[in-house]
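Right, one structure below, let's go through it.
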Amino acid sequence: RTGKKEYLVAAEKAMQYIFTSILPENRWYDFETFFSCSRKPLGFFDTYTQQHPQNTLSMFMAAEACYTLHRITNESRYKQTGAAILDYLCLYQQVWSPKWLSRELFGGFGVQNTDGEWSDSRQGYFAVTLMHYYELTKQREYFERGVAALRAMFSLFESSESPRTAENYAHGSQDQLAGVTGIHWGTGSSVVSIHIIRQQYGDAFINVQQGWGVGIDGCRFDDVTVNSNDIRFSLRDVVHSPRKVLVRFGDLMSDSYRVTMNGTPGVAYSRKQLEEGIEVQI
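Here you go:
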C-alpha cells in the first residue's frame with residue numbers, strides 16, 4: 402500500500418525464517434501451545450510422536466503471508482510453499498460429523514495437536530485463505546474445503562436463532578460447548594468471510610473450464626455440463642427456503658454462452674454478464 406521497499410524486504414526476511422526454522426520440523430508455536438488450556442513447558446517436544454506442539458493459527462498466518470508475498474512478487478516459491486503449509490493445515494479439518502456430537506462439525510478445524518476441539522471459530526478466517534489458494538491454483542478441493550469451513554462456522558454462530566453457541570465445540574471430545582468470547586471471534590469473522598466470498602463467487606459458483614460447480618449459501622448443484630459454448634446445470638435449495646440466488650461463473654473460455662438453468666429454455670449471456678453473475682430461482 403505504501404510502496405516502501407523496506408516493508409517488502411522485512412516481510413521476505415520473516416518468511417525466510419519460517420521456511421528455514423519453522424517449516425522443516427513443523428514447529429508451529431503460538432502462545433496457546435504453552436500457556437492456554439493445554440499447558441506444557443516451553444520448548445516441549447513429544448518423543449513418542451516426534452512432534453512439536455502445533456497451533457493451526459500459526460499455519461494459517463504463514464499460508465496467508467505466502468499468498469500475499471506471491472501476489473506482490475509473483476515468485477513461485479511463495480505459492481508452492483504456501484500451498485504446502487495449507488495442505489498441512491487441512492489435516493486438522495474435520496471430514497465427518499460424529500453421531501455422538503450434536504452439532505454439525507463437518508468442515509470445522511481443530512486448534513492444536515495437543516488439544517481436543519472438533520470445531521473452532523478460527524475456521525471463519527481459514528475459509529477465505531482456502532479460497533485464496535483456489536484462486537492461485539484452481540484446485541477444486543481448496544474451494545470445497547473453504548465452503549465447508551464457512552458452513553461449519555455457522556454451527557458456532559451466535560444469534561437469537563442459534564442460542565447454543567460458543568467459540569469452539571467438543572473441546573474434550575465430548576458434547577459440550579465452550580464460552581463465547583466476543584463478536585469478532587466467530588460470529589463477526591464469519592459474517593465478514595461470507596461477505597468476502599460471496600462478493601467474488603456469489604451464492605453458487607461454476608468453473609466453466611473445468612466443468613464443475615459448488616453451492617455456497619444453502620444450495621447445491623445436482624449436475625453441471627459444459628459443451629463448447631453451452632452450459633447446463635441443475636441447482637437446488639437445501640435449507641427449505643425458496644429464493645433467488647446469484648450464480649457466478651469463472652474461467653470462461655469464450656465471449657458468450659447459452660445457459661440452461663434447471664430445465665428452463667436456454668438464454669444467451671455475455672462473458673461479462675456471467676462473471677458478474679445471474680440470478681436463479683431455487
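Residues 402 to 683 (this note's numbering) are what the sequence shown spells out, left to right.
Beta carbons are placed, not taken as given, at the ideal position from N, Cα and C, and that holds for glycine.
Note that this is a predicted model, so its numbers are computed, not measured.
Beta-bridge partners of C620 (DSSP): D638.
Selection H471, V625 and G547 evaluated against V496 yields G547 as nearest (Cα-Cα). When C-beta atoms of the segment 403-415 are compared with those of the segment 461-477, three or more pairs fall below 8 Å, so the two segments count as touching.
Scanning its chain for C-beta atoms nearer than 7 Å, with the 5 sequence neighbours on each side dropped, one finds around S498 the residues E505, L506 and F507, in chain order. Taking the C-beta atoms as reference points, M460 is found nearer than 8 Å to Y489. Cβ contact annotation for I683 (same chain, cutoff 8 Å, sequence separation greater than five): C620, L636, R637, D638, P643, R644, K645, V646 and N663, in chain order. An exposed status is given to Q610, since fewer than 16 other beta-carbon atoms sit within 10 Å of its beta-carbon.
Taking one beta carbon from each stretch, the segment 593-604 and the segment 522-536 have 3 or more pairs nearer than 8 Å; the two touch. In the structure shown, the three-state DSSP call for A669 is strand.
In the DSSP assignment, T661 falls within the unbroken beta strand (DSSP E) covering S657 to M662. In chain order, N630 place their CB closer than 6 Å to the CB of S655, counting only its own chain and leaving out the 5 sequence neighbours on each side. Taking C-beta separations shorter than 8 Å and ignoring five residues to either side along the sequence, the partners of D618 in its chain run I595, R599, D604, A605 and V646, following chain order. Beta bridge pairing from DSSP links L647 with E680. Distance from the CA of T448 to the CA of V512, rounded to the nearest whole angstrom, comes to 21 Å. When only Cα atoms are considered, A553 and E536 end up about 21 Å apart. For the options Y479, Q674 and N628, the alpha carbon positioned closest to that of G612 is the one of N628. A Cβ-Cβ distance of about 24 Å is found for the pair T588 and F544, leaving them out of contact under the 8 Å criterion.
Considered as a whole, the segment 423-456 harbours 432-436 as its complete alpha helix (DSSP H) runs of no fewer than 4 residues, in chain order.
Per DSSP, the beta-bridge partners of D521 are N569. In this structure S560 is exposed. Its beta-carbon is surrounded by fewer than 16 other beta-carbon atoms within 10 angstroms. Where F606 is concerned, there is no enclosing alpha helix (DSSP H), although the beta strand (DSSP E) around it starts and stops at A605 to N608. For Q540 and Y534, the gap between their C-alpha atoms comes out near 8 Å. As far as DSSP is concerned, I584 takes part in no beta bridge. Distance check between P666 and each of K480, R633, W429 and T469 places R633 closest, using alpha-carbon atoms only. Residue environment: E677 is assigned as exposed (fewer than 16 neighbouring CB atoms within 10 Å of its CB, all protein chains considered).
Residue pairing by DSSP places W497 in no beta bridge whatsoever. For D576, no alpha helix (DSSP H) segment is defined, and its DSSP state is neither H nor E. Selection S556, I584 and T482 evaluated against P425 yields T482 as nearest (Cα-Cα). Of all alpha-carbon atoms in Q455, F420, P454 and L502, the one lying nearest the alpha-carbon of Y479 is that of F420.
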